[in-house]
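The opening position of the sequence shown corresponds to residue 967 in this note's numbering, with each subsequent residue numbered one higher.
Even glycine gets a Cβ: it sits at the ideal position worked out from N, Cα and C.
Here the structure comes first, spelled out in structure tokens, and everything after it is commentary.
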Amino acid sequence: MADFDETVDVIVAGSGGGLAGAYTAAREGLSVAVVEAGDKFGGTTAYSGGGGMWYPCNAVLRRAGSDDTVEEALTYFRAVVGDRTPADLQEAYVRGGSKLVDYLETDDNFEFAVLPWPDYYGHAPGARLDGLRHIVPTPLPGEVLGADGGLIRGPLDNERLGTPAPELLTGGRALIGRFLAALRQFPAVRLYRNTALVELITDEHRVIGAVMRRNRLLISIRARHGVLLASGGFERNPQMRSEYGVPGSAADTMGAPPNMGAAHRAAITIGADTDLMDQAWWSPGLTHPDGSSAFALWFTGGIFVDQAGQRFVNESAPYDRIGREIIREIDQGHLTLPYWMIYDDREGEVPPVKATNVSMVSTDRYRAAGLWHTSDTLEGLSQAIGVPAAALAATVARYNQMVANGVDEDFRRGDEAYDRAFSGGHSPMVPIEAPPFHAAAFGLSDLGTKGGLRTDAHARVLDKAGKPIAGLYAAGNTMAAVSGTAYPGGGNPIGASMLFSHLAALDMARHVAE
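As structure tokens, then:
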């Protein structure tokens, strides 16, 4: 294209973890255009309750007394991920997080705290069971941002239930808020909402810009030094989910509404290679009266049973591992949706789920939708949910006996540190013995797809021959996840998104200097 509507050094498509790339580019002296397809900033990152980052051995953890080593962390990550992703990509992530924290902490706009969160594979070599690989942003008063505070996506209750967004920004919203505050320092940064990527512009095998749709008008922006695609996954696109065989439903994802895979499509069109396209960050999902099943964790009781009235999983395992077991059971024909959480009345009729991400509504609505059932007997409960009465009774009896013995012989519930993270270090197994008995419907949810553009350790997008496409970078869920088919620990998705966005910007700045 001979004429562009605008010219900058760097385009960043997406305003979640990609803001780390925008900030880095601006701080390194580059002009930046951040283009966000939605009407608010933050993407799926803004929905995160904690906004956590898995960055071993960073300064925040050191100040808290961590004696971890990068070598131990790398041993763990490699043991969990295996050779599903390149070793140099894994090493870039594990070693790079602490350097990014150092980089950010020189700016007073950023402040982090330790939130202990055990690694998700507690028996793997190098696992950290005390949770000291995980940090979060500290809360940020909305008044710091002024009117910009209202332009941050989330929380989920605000968007799905109409609940007013709190003045105090926490978790992922605080992280986005801190980046927006920091970006104010740089007059050469332009932030655009309602501006969706349409296609990439190339010239002699180099990406030199992009076409955007802004308020129904097509515009073109030239990027002198690179385009960073960090606009999330394609979890909201039913057609792409079907095309690539991603289990689950677009209706049940926690991904932000604009996450339709436009960046994936644009890069694939110019020859980008992809990987992990059938993968997502899965979880069990509490089914709500609107028909959606939303990511849920922190179970203080209950067991999951299939249509045969039998347990099929460790209910206290990390959510992605539960999700993968759900998919495996479905694939083998052993499970249909919904499956059921069975629990007794010790906490009342409401399911013993303390983190639902989307808050529960009135009990009557769940009953009316056929999602929650109650009976004075297990036999009555089994009839209500359509499972064999004898099988359900036997399942509960066996489970109660294992609770009494202190060992889950079937699924090892409570054997790993994460299993006990929400029970004060004690066994998470709670008997089901106080009538009336209850059942709540569950489905399969996800935090977004994790398949995307294959990159090198500098976040440069690769073509099908394994060579970098000049001027094109990817991070977050637009990039094929560094963790492969595993979910090593809390804060891995946001941590990787920020880190590879940062590395992309550093690579662009380095080429400018050269």
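| request: Run the CB neighbour count on ARG1258, radius 10 Å, all protein chains shown included, and call it buried at 16 or more, exposed below. | output: The sequence as given places Ser at residue 1258; Arg does not occur at that position. Classification of SER1258: buried, given that the 10 Å Cβ count is 16 or more.
**Asked** So what does DSSP say about ILE977, is it helix, strand or coil?
**Response** strand
- Query: Can you round the beta-carbon distance between VAL976 and ALA991 to whole angstroms, since I take them to be within the 8 Å contact cut?
  - Reply: 4 Å
Going residue by residue through the stretch 1346-1409, where are the continuous alpha helix (DSSP H) segments of at least 4 residues, counting only ones entirely within it? 1355-1371
Can the beta-carbon of TYR1013 be found closer than 9 Å to that of ASP1286? no
Review point. Are the beta-carbon atoms of VAL1327 and LEU1127 separated by less than 9 Å?
Key: yes
Original post:
Quick one: what does DSSP say MET967 is sitting in, helix, strand or coil?
Top reply: Note on MET967: pLDDT 49, under 50, position unreliable in the model; the coordinate value appears next. Coil.
- prompt: Using 8 Å as the threshold, is the stretch 1427-1442 in touch with the stretch 1231-1240, meaning 3 or more CB pairs across them?
  reply: yes
What does DSSP give as the partner residue(s) for TRP1306 in the beta ladder?
VAL1271, ALA1407
Cutoff 6 Å; reference LEU1358; Cβ partners in own chain excluding five residues on either side: GLY1275, LEU1344, SER1348
- prompt: If you draw a straight line from the alpha carbon of GLU1037 to that of TYR1384, how long is it in whole angstroms?
  reply: 22 Å
Evaluate GLN1056 with the Cβ neighbour count: other Cβ atoms within 10 Å of its Cβ, from every protein chain shown; 16 or more gives buried, anything less gives exposed. buried
Are the stretch 1322-1342 and the stretch 1247-1257 touching, with three or more C-beta to C-beta distances below 8 Å? yes
Over what stretch of residues does the beta strand (DSSP E) that includes LEU1438 continue unbroken?
1434-1440
- Query: If we ignore side chains and look at the alpha-carbon of each, how far apart do LEU1040 and ALA1113 end up?
  - Reply: 42 Å
* Buried or exposed: which applies to GLN1367, given that a residue is buried once 16 or more other Cβ atoms fall within 10 Å of its Cβ? -> exposed
Using DSSP bridges, identify the partner residues of THR1444. DSSP, once it has assigned bridges, lists no residue as partnering THR1444.
Exercise. Expressed to the nearest angstrom, what Euclidean distance is found between the alpha-carbon atoms of VAL1396 and THR1361?
Worked result: 14 Å
Within 10 Å of its beta-carbon, does ASP1054 have 16 or more other beta-carbons around it, so buried, or fewer, so exposed?
exposed
Does DSSP put MET1220 in a helix, in a strand, or in coil? coil
Check: Taking three-plus beta-carbon pairs below 8 Å as touching, is the stretch 1099-1112 in contact with the stretch 1448-1467?
Finding: yes
Any 3 or more C-beta pairs closer than 8 Å across the stretch 991-1005 and the stretch 1209-1221
no
Kindly indicate the opening and closing residues of the beta strand (DSSP E) around ILE1185.
1183-1195
Checklist entry - Straight-line CA distance for PHE1076 to LEU1134? => result 16 Å
**Asked** Applying the criterion that 16 or more other CB atoms from any shown protein chain within 10 Å of the CB defines a buried residue, is ASP1051 buried or exposed?
**Response** The sequence given here places Thr at residue 1051; Asp does not occur at that position. Per the 10 Å Cβ criterion, buried.
| 6 Å CB neighbourhood of ASP1005 in its chain, flanking five on each side removed | ARG1159, ASN1160
Subject >> Of the residues GLY1409, LEU1438, GLY1267, ALA1406, the one placed nearest LEU1419, counting alpha carbons only >> reply: LEU1438
Per-residue DSSP class, three states only, for PHE1200: coil
Query raised in the report: Count the other CB atoms within 10 Å of the CB of GLN1245; is the residue buried (16 or more) or exposed (fewer)?
Result: buried
### Task
Check HIS1468 in the structure and name its three-state DSSP category.
helix
Original post:
Between which two residues does the alpha helix (DSSP H) harbouring SER1064 extend?
Top reply: 1053-1071
Subject >> Coil, strand or helix - ASP1429 by DSSP >> reply: strand
- Counting along the chain, where does the alpha helix (DSSP H) carrying HIS1230 start and finish? 1228-1235
**OP:** Taking 8 Å as the threshold, find out whether the stretch 1172-1179 comes into contact with the stretch 1188-1196 through three or more Cβ pairs.
**Re:** yes
Rounded to the nearest angstrom, what separates ASP1033 and LYS1065 at their Cα positions? 17 Å
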